[in-house]
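Chains A and B, in that order, are what the protein sequence lines are. Just so we're aligned, residue 31 is where the first sequence starts under our numbering, counting upward by one. Just so we're aligned, residue 1033 is where the second sequence starts under our numbering, counting upward by one. Below: the structure, in structure tokens.
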Amino acid sequence: MNLTLNIWRQDGPNAQGRMVTYQLADVSEHMSFLEMLDVLNEQLVEKGEEPIAFDSDCREGICGMCGLMINGKAHGPEVTTTCQLHMRSFHDGDTITVEPWRATAFPVLRDLVVDRSAFDRIIQSGGFISVNTGAAPEAHSVPVPKPKADRAFESAKCIGCGACVAACPNASAMLFMGAKVTHLGELPQGQPERWARVVKMVSQHDHEGFGGCTNTGACADVCPKEIPLDVINQLNKDLRGSMSKRA
Amino acid sequence: MDPVATTTLLTGETTARRTTVFMKFLMATTGALFVFYVLMHMYGNLKIFAGPAAFDEYAEHLREILVPILPYSGFLWLFRALLVVSLVVHAYAAFTLWSRANGARPQRYAVKNAAKGAARTKMMRWGGVTLLAWLIFHLVQFTIAKVNFNGAFSADKLKLDGHPSTGLLVIASFQLWWVVLIYLIALVALGMHLFHGVWSGAQTLGWTNSATSRRLAHTTAHLVAGIVVLGFAIPPLAILFGIVKG
Ligand code: HEM
Ligand code: SF4
Ligand code: FES
């Protein structure tokens, strides 16, 4: 198939960016979206131009590195990661607009690459449990009810890609945070730090410049790991709980 | 802000009361109070079908709630004070979160996000502003200045047993198509606000943890929005079409 691509180009963090249009011929429908960009980059390099910078690592939908705004939808038209999106989701003659995630807390470093270390700092502020390493306890000594284990697992699937922030009209990271708060809050090991965790994480989130949540569900609609909206409910509930339960 | 992330880890005490989530609690609790109030108000308006005398009598009874424990009109004034404080809190939180959200994404996408999220957020914010503007008009019209726009009703014709009657003023007002139109526009804004707001408030308060409770919150939101729009639209329309007369 033949495609017209509008791609955001920006030379550096402080540079003025712009949309640049490229024509790409003979794209196979079996290519992934990133392979399509690889082909375009090879052509750019042959012509002596700078290739388009974009993030990726595993290319199998598990690391969370990739993430592009494709025709106004985070990760494109399918509910999956950008690396798992295939060109069969597009048609010959399509015009595809590719932009980086847009959020104050995710500044553009170059072209389509954004800095998502704000997520790391949110995790660093409270998204962990404190345990002594070395002597692993016998797993069966801490029973976990099956529904709680299931919900914790479902929430733990978040890969930190940032699509929720990119899609949110307020550039809020509540789904990402809610996933971690729910994951750890459902498990016995997460209890000692539960009430402090939620306050620290939300405070760091606000400090990073993410917006507040308006419960629209735009985040859950694009999440490649299908994290459900109710993790935000859990986050709200835990924050409310923290006001009476925290010492 | 510098485009390269230079933010650091927060140090020192953090408190739940200084978060955006807490601000949403304030919006949700004040919103819940408004929902209760709006339903009571709607019930009162329907009294117009029993005639202006019954309408005025209902208004009189509101002034006698908890008398003689409280003085005459005491409860009404306490409730009004609570509503005004709540409104200030609700609007303050709304505008603060609105400006935060603008700051969180100064550079828009080239392809407009067609997702329902953007539309809903706009609907809450601009709908809220519409409600605020209408509320001022409404209070001036029926409570503060009691303005009559209908030339067909002289000051004398607005009196019942020698006293100015709010019931008659309501009837006089809604005989004018443009007054009805203003109210219908405000009702659309209110209906949409509740359509999302009641569900959103339940989620903000942490009441939607199960599939059943989520379904219940959505159903309640749609029901409340529908009942409020219908219940408030019926009296003005009945007056405009001459079903209720002075
Ligand atoms: C009159 C001026 C009003 C303004 C300016 C206003 C504005 C807003 C805005 C912008 C939001 C969304 C805030 C956000 O999440 O960022 C909101 C939420 C809400 N509003 Fe209002 N509103 C007004 C009146 C009302 C009234 C009269 C009611 C009820 C009858 C109401 C009930 C609610 C509810 C229940 C919510 C949901 C709170 C949540 O999301 O947790 N509001 N309001
Ligand atoms: S919640 Fe979903 S969309 Fe958000 S970072 Fe995690 S995996 Fe990505
Ligand atoms: S590159 Fe790892 S998830 Fe896409």
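The C-beta atom is built at its ideal place from N, Cα and C for all residues, glycine as well. No experiment lies behind these values; they were computed from the predicted model shown.
For residue i, which residues does DSSP report across the bridge?
i: A/Phe136; result: A/Ala133
i: B/Met1055; result: Bridge partners of B/Met1055: none, in fact.
i: A/Arg48; result: A/Arg39
i: A/Gln53; result: A/Thr34
i: A/His213; result: DSSP output for A/His213 lists no bridge partner at all.
i: A/Met99; result: A/Ala104 and A/Glu129
Could you check what DSSP says for residue i in three-state terms: helix, strand or coil?
i: A/Ser155; result: helix
i: A/Glu104; result: Note that residue 104 of chain A is Ala in the sequence shown here, rather than Glu. Of the three classes helix, strand and coil, the one that applies to A/Ala104 here is strand, per DSSP.
i: B/Ser1197; result: coil
i: B/Thr1128; result: helix
i: A/Met31; result: coil
i: B/Tyr1104; result: coil
i: B/Met1072; result: helix
i: B/Leu1192; result: strand
i: A/Pro116; result: Just to set this straight, residue 116 of chain A is His in the shown sequence, not Pro. The answer is strand: DSSP assigns A/His116 an E or B state.
i: A/Met61; result: coil
i: A/Val128; result: strand
i: A/Val15; result: Nothing about residue 15 of chain A can be read from this structure; chain A reaches only from 31 to 277.
i: B/Val1276; result: coil
i: B/Trp1166; result: helix
i: B/Lys1079; result: helix
Leaving aside the five residues before and after residue i along the sequence, list all residues of the same chain whose C-beta is less than 7 angstroms from its C-beta, in chain order.
i: A/Lys255; result: Lys187, Cys188 and Ile189
i: A/Gln40; result: Gly47, Val138, Arg140 and Asp141
i: B/Leu1129; result: Thr1052 and Met1055
i: A/Ala55; result: Asn32
Using CA atoms only, rank isn't needed, just tell me which of the options is closest to residue i.
i: B/Thr1043; options: A/Ala248, A/Val69 and A/Ser155; result: A/Ser155
i: B/Val1077; options: B/Val1117, B/Ile1097, B/Arg1152 and B/Phe1174; result: One detail in the question is off: residue 1077 of chain B reads as Asn in this sequence, not Val. For the residues B/Val1117, B/Ile1097, B/Arg1152 and B/Phe1174, the minimum Cα distance to B/Asn1077 belongs to B/Phe1174.
i: A/Asn101; options: B/Ala1142, B/Met1074, B/Tyr1104 and B/Ser1105; result: B/Ala1142
i: A/Ala203; options: A/Arg181, A/Asn162, A/Ala248 and A/Pro167; result: A/Ala248
i: A/Ser171; options: A/Phe183, A/Gln219, A/Ser185 and A/Glu184; result: A/Gln219
i: A/Ala179; options: A/Leu35, A/Leu217, A/Phe149 and A/Asp85; result: A/Leu217
i: A/Lys275; options: A/Val229, A/Ser233 and A/Ala135; result: A/Val229
i: B/Arg1050; options: B/Ala1125, B/Leu1119, B/Leu1094 and B/Leu1108; result: B/Ala1125
i: B/Met1156; options: B/Arg1140, B/Gly1223 and B/Phe1087; result: B/Gly1223
i: A/Asp150; options: A/Leu115, A/Gly94 and A/Gly123; result: A/Gly94
i: A/Ile37; options: A/Leu67, A/Asn200, A/Thr244 and A/Pro43; result: A/Leu67
i: B/Ala1150; options: B/His1254, B/Lys1178, B/Gly1183 and B/His1228; result: B/His1228
i: A/Thr112; options: A/Thr125, A/Cys88 and A/His121; result: A/Cys88
i: B/Trp1231; options: B/Ser1131, B/Ser1105, B/Arg1152 and B/Gln1139; result: B/Arg1152
i: B/Phe1127; options: B/Gly1159, B/Trp1239, B/Leu1071 and B/His1093; result: B/Gly1159
i: B/Thr1046; options: A/Leu98, A/Leu70 and A/Val232; result: A/Val232
i: B/Lys1178; options: B/Gln1139, B/Ala1060, B/Leu1201 and B/Val1212; result: B/Leu1201
i: B/Val989; options: B/Phe1057, B/Ala1221 and B/Pro1268; result: Since the first residue of chain B shown is 1033 and the last is 1278, residue 989 of chain B is not available in this structure.
Given residue i, which residues of its chain have a CB within under 6 angstroms of its CB, disregarding the five upstream and five downstream residues?
i: A/Ala104; result: Ala193, Ala196, Ala197 and Val252
i: A/Thr134; result: Gly239
i: A/Ala277; result: The pLDDT assigned to A/Ala277 is 48, lower than 50, so where the model puts this residue is not dependable; a value taken from the coordinates is nonetheless given after this. Answer for A/Ala277: no residue qualifies.
i: A/Gly271; result: none
If I measure Cβ to Cβ from residue i and keep anything under 8 angstroms in the same chain, skipping five residues before and after, which residues do I get?
i: A/Val75; result: Pro81
i: A/Gln53; result: Asn32, Leu33, Thr34 and Leu35
i: B/Ile1266; result: Leu1078
Below 6 angstroms from a heavy atom of the ligand SF4 - residues by beta-carbon: Residues close to the ligand SF4 by the beta carbon criterion (under 6 angstroms to any non-hydrogen atom) are, from first to last along the chain, A/Cys188, A/Ile189, A/Gly190, A/Cys191, A/Gly192, A/Ala193, A/Cys194, A/Leu205, A/Phe206, A/Ala209, A/Cys253, A/Pro254, A/Lys255 and A/Ile257.
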